[in-house]
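Have a look at the structure below, then the notes.
Chains as they are written, first to last, in the working numbering: chain A, 16 to 284; chain B, 736 to 1001.
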C-alpha cells in the first residue's frame, strides 16, 4: 500500500460525516463486512465515522439491532444517523426518541428517493417539528432533478425553501449538495439565504472546483467531508479535496473542524 | 514511477451538463502547451483523444477537426473517432478505416443512444466486420444501453456485439456509477475475452483490486475521462491500489498499448 503522504497528501485526521454500513440490493459488494469498511476508514485517518445503516431504509424494525451490533464492535468510532421514514412518521420518531440518548446519536437521515416522498412533503413535517424542538441535525439525500432517473426530483434541495422558512432553526446537511456539477451553482446560491444549511460532496461526483465554489458562496465553515462509503472508495474523496486548491485552514475545516463544531459532542480523539 | 496510456481524454466544445468551470478548463485545452503540460505532469506518455463535437454535433465534423488541429504536434498523441452507421453511405469502409489509421486513429467510439441508431443494425454489422477483421478496438459506454434511465441495461445487445466480433477488442466505460454495475460486468467478463473495462468509473471501495483478483489485471484499461474527472484522481487511484507493480503497469499502460499494437491494418 502506497501511503497518501508519499503523494504529498498530508493531513492530521478526518471526520467522515457521511458513510453507511450494510449493503444495497442494487450494488455488488465483494465479501462485504462492517469491519472492512471501518478498517478502510481508519487506514485513511478517519477518527469518527457518521453513519446510517442501510437496512433501515428498508426495515425500521431491524435498524436498532444493526446499530447496537455495530456500536458494540466499533464503539466510539461510530456516530449514528437514525432513519426517518416518511411513510411511517410516528414509528420513526418513536425509535429516534427512544434511542437517541442510548447511542452515539448524530442526527436523522432522510432519503426522499428511497422512500418515494418529496422532500417538501407534509409527511416530513413531523420530523421537522421534532428536530426543531429537540435541536436535531438532519442529513438528507439531495440531488439534481435534471438527471435520467426521474425519481431524483423528489430530493431536489431547492424544494426545502418552504421547510426552511417555516423551521428556520433546524440544521440540515445536504448530502451530495445536489450531486450534479451544473446544479451546484443553484444549490450554493440557494444556500446563501439559509444560515443553517450544511453541505457534503459525498458520492460519485468528483469535482474539485466545487469546494471553492461553495466556500465563495456559503463559506468554508459550512462544508463537511463525506465519502458515502462503502459506495465510493474514500481515496477518491481525499484526492478530490487535495486537488481543490484550498489553503490548509480551509481544508482542515472541511476535513474535521466543521464537524466538531456542528456536532459538538464528540469525544477527544 | 508508473507511466500511463489514457484511453479517455476529451477535448472540444462544452457539453450541456458541464459547468462553466469545466468549460473554462476545456477552453484551456485548446492551448497546445496546456495539454502537453497536463499530460507530462501526470506521466501520461500516450493518450487517445476524442472530440466532444463528434459526440454532440456531428461525428464526421468532430473527427475531422481532430485531424486538422495542432494536436498532431504532440508526440504519442493518438485519436479516437466517433463512429455511426452514416459512414456506410459516406465512405468506403475499408478505405476509411485504413486512412484513419494512417492519421493516427487507434480507437473508434460508438454512442447509439446519443446518436439514435441500433448498434447491431445492418450497417453497423458491415462496419464491425471490417473492424473485427483488423482487430481494431471499439469503445462503448454502458450508459448508452440504459434505455429507461433507471440503470437497467440492454445487455443482450452488448452480448451480441461481443459474441459476433470476438477478434474486436471492446473497451467498456460506464462514466460513473459503475460501482453498481458489477453484476452486469462479471458474466460478460467471464464469457468474452475481448471485453475490457475502462477504470475511471470503478469507484466502489477496493473495486479495482477486486477486478484484478477476479479477472486479472489484463482486463482493465486506464482512462481519465478528463475533463469530466480530474486526471490526478485516476492516476493516483492506480498508484495507490493494493495490487502488484506489474498489475499497475498493465492497467496503466501495457494493456491498451498491446491492443493498439495488435491492430492489423494490412
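Backbone N, C-alpha and C fix where the C-beta goes; we use that ideal spot for every residue, glycine too.
For clarity, every value in this text was computed on a predicted model and none was experimentally measured.
Check whether residue i and residue j have beta carbons under 9 Å apart
{"i": "residue 203/A", "j": "residue 32/A", "result": "no"}
{"i": "residue 154/A", "j": "residue 67/A", "result": "yes"}
{"i": "residue 215/A", "j": "residue 190/A", "result": "yes"}
{"i": "residue 929/B", "j": "residue 961/B", "result": "no"}
{"i": "residue 844/B", "j": "residue 816/B", "result": "yes"}
{"i": "residue 744/B", "j": "residue 785/B", "result": "yes"}
{"i": "residue 249/A", "j": "residue 213/A", "result": "no"}
{"i": "residue 114/A", "j": "residue 107/A", "result": "no"}
{"i": "residue 233/A", "j": "residue 207/A", "result": "yes"}
{"i": "residue 65/A", "j": "residue 93/A", "result": "yes"}
{"i": "residue 255/A", "j": "residue 968/B", "result": "yes"}
{"i": "residue 796/B", "j": "residue 814/B", "result": "no"}
{"i": "residue 809/B", "j": "residue 770/B", "result": "yes"}
{"i": "residue 823/B", "j": "residue 861/B", "result": "yes"}
{"i": "residue 949/B", "j": "residue 45/A", "result": "yes"}
Sequence-distant residues of its chain with Cβ nearer than 7 Å to residue i (five each side left out)
{"i": "residue 892/B", "result": "854, 855 and 880"}
{"i": "residue 285/A", "result": "No answer is possible for residue 285/A: it lies beyond the span of chain A, which begins at 16 and ends at 284."}
{"i": "residue 196/A", "result": "220 and 222"}
{"i": "residue 944/B", "result": "976, 977 and 978"}
{"i": "residue 774/B", "result": "782"}
{"i": "residue 24/A", "result": "253 and 257"}
{"i": "residue 753/B", "result": "A caution first: residue 753/B carries a pLDDT of 41, below 50, which makes its placement in the model too unreliable to give a value."}
{"i": "residue 800/B", "result": "786 and 788"}
{"i": "residue 267/A", "result": "none"}
6 Å Cβ shell around residue i - same chain, five flanking residues per side excluded
{"i": "residue 991/B", "result": "740, 742 and 956"}
{"i": "residue 902/B", "result": "867 and 870"}
{"i": "residue 994/B", "result": "872 and 904"}
{"i": "residue 777/B", "result": "966 and 970"}
{"i": "residue 939/B", "result": "914"}
{"i": "residue 225/A", "result": "199 and 216"}
{"i": "residue 283/A", "result": "Below a pLDDT of 50, predicted positions are generally treated as unreliable, and residue 283/A, at 45, falls in that range; the measurement from the model is reported next regardless. Around residue 283/A: no qualifying Cβ."}
{"i": "residue 71/A", "result": "78 and 98"}
{"i": "residue 931/B", "result": "906, 954 and 956"}
{"i": "residue 142/A", "result": "99"}
{"i": "residue 272/A", "result": "none"}
{"i": "residue 132/A", "result": "101 and 138"}
Closest residue to residue i among the options (Cα-Cα distance)
{"i": "residue 260/A", "options": "851/B, 965/B and 907/B", "result": "965/B"}
{"i": "residue 52/A", "options": "24/A, 19/A, 89/A and 136/A", "result": "89/A"}
{"i": "residue 919/B", "options": "851/B, 800/B, 973/B and 888/B", "result": "888/B"}
{"i": "residue 807/B", "options": "985/B, 783/B, 819/B and 936/B", "result": "783/B"}
{"i": "residue 270/A", "options": "43/A, 29/A, 24/A and 151/A", "result": "29/A"}
{"i": "residue 35/A", "options": "201/A, 50/A, 213/A and 264/A", "result": "50/A"}
{"i": "residue 277/A", "options": "109/A, 246/A, 40/A and 239/A", "result": "239/A"}
{"i": "residue 39/A", "options": "258/A, 217/A, 246/A and 148/A", "result": "246/A"}
{"i": "residue 148/A", "options": "186/A, 99/A, 248/A and 64/A", "result": "186/A"}
{"i": "residue 827/B", "options": "802/B, 865/B, 986/B and 779/B", "result": "865/B"}
{"i": "residue 157/A", "options": "22/A, 183/A, 126/A and 98/A", "result": "126/A"}
{"i": "residue 882/B", "options": "896/B, 847/B, 968/B and 931/B", "result": "847/B"}
{"i": "residue 923/B", "options": "909/B, 890/B, 941/B and 952/B", "result": "890/B"}
{"i": "residue 123/A", "options": "56/A, 231/A and 112/A", "result": "112/A"}
{"i": "residue 169/A", "options": "181/A, 138/A and 142/A", "result": "138/A"}
{"i": "residue 996/B", "options": "885/B, 981/B, 842/B and 952/B", "result": "842/B"}
{"i": "residue 211/A", "options": "146/A, 165/A and 75/A", "result": "146/A"}
{"i": "residue 981/B", "options": "951/B, 822/B, 831/B and 812/B", "result": "951/B"}
{"i": "residue 42/A", "options": "824/B, 886/B, 896/B and 746/B", "result": "886/B"}
{"i": "residue 84/A", "options": "59/A, 57/A, 55/A and 48/A", "result": "48/A"}
{"i": "residue 851/B", "options": "820/B, 895/B, 921/B and 917/B", "result": "820/B"}
Chain-ordered chain D contacts of residue i [CB-CB under 8 Å]
{"i": "residue 971/B", "result": "Any reference to chain D falls outside this structure, whose protein chains are A and B."}
Residue span of the beta strand (DSSP E) that contains residue i, given as start and end
{"i": "residue 840/B", "result": "840-845"}
{"i": "residue 190/A", "result": "187-193"}
{"i": "residue 812/B", "result": "812-818"}
{"i": "residue 177/A", "result": "Residue 177/A -> not in any beta strand (DSSP E); alpha helix (DSSP H) instead, spanning 176-181."}
{"i": "residue 121/A", "result": "120-125"}
Unbroken alpha helix (DSSP H) run spanning residue i, endpoints
{"i": "residue 153/A", "result": "Careful: residue 153/A lies outside any alpha helix (DSSP H), inside the beta strand (DSSP E) at 153-158."}
{"i": "residue 90/A", "result": "Counting along the chain, residue 90/A falls outside any alpha helix (DSSP H), and DSSP gives it neither H nor E."}
{"i": "residue 978/B", "result": "Here residue 978/B belongs to no alpha helix (DSSP H), and DSSP marks it neither H nor E."}
{"i": "residue 54/A", "result": "49-58"}
{"i": "residue 790/B", "result": "787-791"}
{"i": "residue 213/A", "result": "From DSSP, residue 213/A is part of no alpha helix (DSSP H) but of the beta strand (DSSP E) over 212-215."}
{"i": "residue 233/A", "result": "224-233"}
{"i": "residue 807/B", "result": "First-last for residue 807/B: undefined, no H or E at that position."}
Residues near residue i by beta carbon distance below 8 Å, same chain, minus five either side
{"i": "residue 833/B", "result": "1000 and 1001"}
{"i": "residue 228/A", "result": "199, 200 and 203"}
{"i": "residue 973/B", "result": "737, 739, 934, 943, 957, 983, 986 and 987"}
{"i": "residue 159/A", "result": "167, 171, 193, 194, 195, 197 and 198"}
Any non-hydrogen atom of the ligand COA closer than 8 Å to residue i Cβ
{"i": "residue 824/B", "result": "Judged by which ligands are present, the structure shown has none, so any question about the ligand COA falls away."}
Q | Minimum length 4: unbroken alpha helix (DSSP H) runs contained in the segment 869-939 of chain B | A | 890-899 and 917-926
(Q) Suppose only complete runs of 3+ residues qualify. What are the beta strand (DSSP E) ranges in the segment 62-105 of chain A, listed by chain order? (A) 93-98
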